[in-house]
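In the working numbering, the protein residues as written are 892 to 1018.
See the structure below:
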């Protein structure tokens, strides 16, 4: 004789839900960072640039190479590139860059360049 038994369920239908399924209630951990700074209420005003024409002939220190070059350039006939190279001890491209950048742009002086009969270039500045 064989008897057939019905399988019984392991959990009764009226049983309460298992403990431990609820999440723990705690605050999230804060990151280790510097505190945020408060924003400024008023924005800073931009720096006003001086107009190009206002930057006129800044004086050079006595005895400096800039002063020596300016003295040569302000002579009646100006100065040749060779004279400027000899006085400063610079390379020719450095002399030309100084005349263009420092004397011309930063100091705001007008440098005139002329080529003489002998083919030598002369630079001058109106005093």
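Even glycine gets a Cβ: it sits at the ideal position worked out from N, Cα and C.
Counting other Cβ atoms within 10 Å of its Cβ, residue 958 stays below 16 and is therefore classed as exposed. Under DSSP, residue 1013 shares a beta bridge with 971, 1005. Assignment of residue 966 by DSSP, reduced to helix, strand and coil, places it in the coil class.
The criterion of a C-beta distance shorter than 8 Å is not satisfied by residue 971 and residue 956.
Beyond the five residues adjoining it in sequence on each side, residue 1003 comes within less than 6 Å, by CB distance, of 1015 in the same chain, given in chain order.
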